[in-house]
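Residue 823 in full-length UniProt numbering sits at position 823 of the sequence shown, with consecutive numbering throughout. Even glycine gets a Cβ: it sits at the ideal position worked out from N, Cα and C. Report on the structure given below.
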Amino acid sequence: MEKSLPRGEVVHYILMTMKYSAFLFMLICSVCSLATAAETYGQKLNKPVTLRLKNVTLNKALDEISEIADVRFVFVGDVPENPKINLKVTREKLSTVLSKLLDTYALTYIQMENNIVIRKAIHQNQALPAKEILALPYQLRITGKVTDERGDPLPGVNIIIKGTTQGTNTDGTGAYQVSVPEQSAVLIFSFVGYETQERTVGNASEINVSLKADIKALNEVVVVGYSSKQLSQLSSSVSVVSGKKLNDVTSNNVTDLLQGKAAGVVISNASGDPNATPNIVIRGSSSISAGSDPLYVVDGIIGGNANPTDIESVTILKDAAATGLYGARAANGVVIITTKSGKAGKTQISVSSTVGINSATNSNFRVMNSQQLYDYEKSFYPAQRFDTEIPASVLSQNTNWQDLAFRNGLTQNHVISISGGSDKTRFYVSGNYYKEDGTLKFNSNERYNFRTNISHKINEKLRLNVKFNTRMSDQRSEPSGLDGALYGAYNNMPWDNPYNADGSVKRGTEGGWYGREQENFLHGWQYNQNGTKGTGYDGDINLDYSILPNLTFYTYNRVSLNNSKTEIYYDVRSKAGKGNGRLDNRFNNSRSLITSNRLVYDKTIGRHTLSALAVAEAEKNYTEFNTVLGEGLAPGLHVMSAASRILSATGGISENAFSKGLVQLDYNYDNRYFAVGSFINEASSRFGANNRSANFYTLGGSWILSNESFMKEQTTFNFLKIRASYGLTGNANIPNYQSMGLYSYSVQYAGNSGSFPLQMPNDNLTWEKARTVNLGLDLTVFKRISFTADVYNKTTKGLLLNVEMPYTSGFSSVIQNVGSVQNKGLELNLNTENLVGPLKWETNFNIAFNRSKVLRLSEGKDIRSGNLIISVGQDLYTWNMRKWAGVDPQTGDPLWEKISTDTGSPIVTTTNSYNQATQQNTGSASPDFTGGISNTLTFKGFTFFAFLNFVSGNKIYNNSRTLFDSDGSYYTYNSMVLADGWSRWEKPGDIATHPKPVFGGNKDSHRVSSRFLEDGSYLRLRNISLSYELPASVLKGVKIANARIFVSADNLWTATRFSGMDPEVVLGPGGGTSSIKYPISKKLLFGISLGL
């Protein structure tokens, strides 16, 4: 369902949603994997300890061990003072020392993230007072297992019979056994860092429990740069999206799934084609010609691929302190993807299946039916010709061409994964089949993905990690040919019958066809084909070697292979076949090799913690491409050997290489003060011989005020931190060989091949460099409201632009580092727990404001790109065109603004002459703000989720109105139904939005002007879902660990004033324009997931 909504109401809706979601703050980040931290501390329990204690308290003993073993202890309860301790050990494991020490006090310990938690030991079947024992007529023996949300066992969980002191703990495998007095007994399961659960025994003899992590009690570990760090200790700006939240929308593209889920990350879809790739811009575009795509890193290595269902988490690095380690390619931000890994314990098998229907959306855009178009064209068509050229008999035909072009497509997503292992070897294996039928017929995307992640501990010092990912794809595009089914679906006249009297499909160019001379797309569909098949492989071999207890060497190595073949076939019987039949074969093969070697040092002395990182990295990329175009093929033959003529055969090789060295230092004092600094030197073959390498750096610091003594007494702020960072990063996102002098061999003379100079060399060409300042605030209040704010200023200098050259040079231009652009912005993230208890309600909200400004261009000259102008002092995406002044009430003619400066001061008048109108700046394609909001409600196994994303303040040039709203210019095209509130001029004195229609056009009213520049604001219900998790009691008999069923809908509703097909356009380079586009799909999906 779509409806119009005034811009003011769009903003009002957003503000009201913010108000009722909770105050004004937010937090980000989803829980990433804690596996890295857990492994590190697990190794510390095996650390040899030499200790001599004589008549000391337990507290003093633990302080000494903390200094020696580099661990931190946390007590649950009071620390006993007596008896005093006398203990002497030599190079014994820390775990053994702790057991000896704590047994004296009937204490035990649990390793919990960065701490070793000490608490009172609770022994199974602990003795009860005699009166209680006499009152127990019998005992019920209960067994079971306690795991976390992923099914991994939790050792050391407290299990208490409610109302007594009787209980037990889980063992190393998460298993437990306890006796209870009666069926009405209630077991309480509690563990540090997890939410407490209560379970009534009833008739059960086995009770298995899955504890949910208490995110307020944990320091999240996120992957940043070349390491993992606690979120609370970061001095940089990052956003984290968990794999669970990522997959609430069904797509095979990771970028598409991130839309609206991270502040400052603007993702836009220019097309609903399932083969299209969304556009992503982080904190505004920083370049004019070098591209604004971020750098992708998969499992610690630049590049690679990941299927959305295999993703554990996505971390988006935004400021220089976060992105700086990636140096020359980090100016546009970095997207780090971490895939799932196996856990020690029972093998887990997960199966999920999703099936649904896709349907096209057209927002507010509608074309006329047969009667509407007849009445409209009669109003301006020459009277003496109308009845002859458009007889009333046309009304007997009312073809809906959109119904013929579009369909309800099928989406399928089926996944199976197996994970598990032991303390020595862990594995994760998955397979995925995804197919999405586009809503345009003959358009589809089919993919197979397979992944294997294996981790093997060779010995105490060495671990091997092997990862392999393979994918196969088959992409089909609609094959109608030159005219295109999309254009035909909207342009074709409803008076035209697509079929002949005998039922065969009309070609569309024969007599009796009222529309423009184009091929009936149904005719082309019968014969033509357009598809691309591809395969890809990524293989990682990584080693972790512990040189010393505090010094570890890591080597990450990857080879990636990709190949594709595109076949475009136009049959001789189709218009695109041009009477000969044409076949276009395109082949592309690429490979990438990268090695990244890292040395990591960590040391804690008292309250001081120092971490050092050194990296040496090298990468080489190679691509080979070939294209062969042939013609003269018999009908139905699409094999190149059948072509009678080869029109062209082209090909080439493209290579590039990168190398990098960097160092980084992190300092932490008492978990209160943090500092980080890095230096990076990177070289690239893409740049000139004099500037192939460049230096980059980052600095950052943060202060956790909530850990200060003066904050301990207050109860409002549970966490409070301020951050600051500064750094220099680069952009190498340019084509290869831009710095080199090139020749073209595309000419011939006297039958011989010839060449001519194509590109002027520039040995000084180098990176675009961005300097970024970021200030941030993180806080949690009342244990239920978390908020993050970031303000930034990013200035990019040395923009790569074409500079005009004198004709005597033999070249028209040369690419140079000139120009500068600035982006300033504010990002807010809020997370609130509105309700807790049986009914839980959580809200997540993010909003971002960004302003760009061009600071410098070559010689101050403006750069024009279509209807956009790049001008010093203006927004990077400023519209420049004639300004619409409305309709003359007396004549019905179009009016534009004319600015005269003859008297010195500008004088604005109006004119009905398009050529006399003045071109001027008319708004920006950049939005005022973007963001998203989600609400999650859970109750007794049911979960309701709703997610909206919004864009506000951008201007869209609705180019489709040039054809459909042309005031009689294009009378052989169908026309659009006027939007609500619009009107056409009919008689003198009318105040109308549209000029009078005139056969052939009314004084160029359809040409480019701000008449077709519209508000692009929208609020979209991106996803809504309802799921139910079946109780364990229901699944017990069928040996299924967990089961979930759900129904979900994507893009169900959009509120916008935009009159075009969809308000979602590219918000970045080359964007801002909406023409006849592939509509975004609505999806209604059903699914089930099982854990075995």
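Nearest Cα to residue 180 within the set 170, 204 and 191: 204. One Cα belongs to residue 251, the other to residue 257, and the distance between them is close to 7 Å.
Residue 339 holds the alpha-carbon nearest to the alpha-carbon of residue 243 among 339, 1049 and 156.
Of 531, 526, 560 and 1049, the smallest CA-CA separation from residue 540 is found for 560. In the structure shown, residue 57 adopts coil according to DSSP, grouped into three states.
Apart from sequence neighbours up to five positions away, the residues of its chain that approach residue 287 with a beta-carbon distance below 7 Å are 731, 768, 796 and 799, ordered along the chain. Residue state for residue 999 is assigned as coil, using DSSP reduced to three classes. Residue state for residue 859 is assigned as helix, using DSSP reduced to three classes.
Beta bridge pairing from DSSP links residue 865 with 868. Here residue 633 is not near residue 649, since their CB atoms are 9 Å or more apart. Per DSSP, residue 538 lies in no alpha helix (DSSP H); the unbroken beta strand (DSSP E) holding it starts and ends at 529-548.
The beta carbon of residue 1032 sits closer than 7 Å to those of 208, all from its chain and outside the five residues before and after it, given in chain order. As summarised for the segment 658-712, the continuous beta strand (DSSP E) elements at least 3 residues long and confined to that stretch are 673-684 and 693-704, given in chain order.
Apart from sequence neighbours up to five positions away, the residues of its chain that approach residue 474 with a beta-carbon distance below 6 Å are 446 and 533, ordered along the chain. The residue among 305, 104, 500 and 408 with its C-alpha nearest the C-alpha of residue 467 is 305. Within its own chain, the residues whose Cβ lies closer than 7 Å to the Cβ of residue 690, once the five positions on either side in sequence are excluded, are 763 and 764, listed in chain order. Listed as beta-bridge partners of residue 153 by DSSP are 147.
Sixteen is the threshold: since fewer than 16 other Cβ atoms of the shown chains lie within 10 Å of the Cβ of residue 805, the residue is exposed.
Taken through DSSP and simplified to helix, strand or coil, residue 977 comes out as coil.
Per DSSP, the continuous beta strand (DSSP E) segment holding residue 420 begins and ends at 409-421. Between the alpha carbons of residue 379 and residue 983 lies a distance of about 14 Å. Taking a contact to require three or more Cβ pairs closer than 8 Å, the segment 1001-1011 and the segment 910-928 qualify as touching. Looking at the backbone, the Cα of residue 429 and that of residue 510 are separated by about 58 Å.
With respect to residue 278, residue 332 sits apart: the two C-beta atoms are not nearer than 9 Å.
Look at residue 236 here: in three-state DSSP terms it is coil, with no helix or strand label. With distances taken between CA atoms, residue 606 lies nearest to 667 out of 667, 966, 1065 and 875.
The three-state reading of DSSP puts residue 68 in helix, counting H, G and I together. In the three-state scheme derived from DSSP, where H, G and I count as helix and E and B as strand, residue 105 is classed as coil. The shortest C-alpha to C-alpha distance from residue 211 to any of 153, 169 and 245 is the one to 153. The C-beta of residue 864 has fewer than 16 other C-beta atoms within 10 Å across all chains shown, which makes the residue exposed. Taking each of 989, 1056, 994 and 985 in turn and checking the Cα distance to residue 1018, the smallest one comes out for 1056. Taking 9 Å as the cut-off, the Cβ atoms of residue 661 and residue 724 do not count as close. The Cβ-Cβ distance between residue 239 and residue 315 falls below 9 Å. If you ignore the 5 residues before and after residue 665, its C-beta comes within less than 6 Å of the C-beta of 612 and 677, all in its own chain and listed in chain order.
In the DSSP assignment, residue 598 falls within the beta strand (DSSP E) that extends over 582-605.
Put simply, the backbone Cα of residue 608 is about 40 Å away from that of residue 308.
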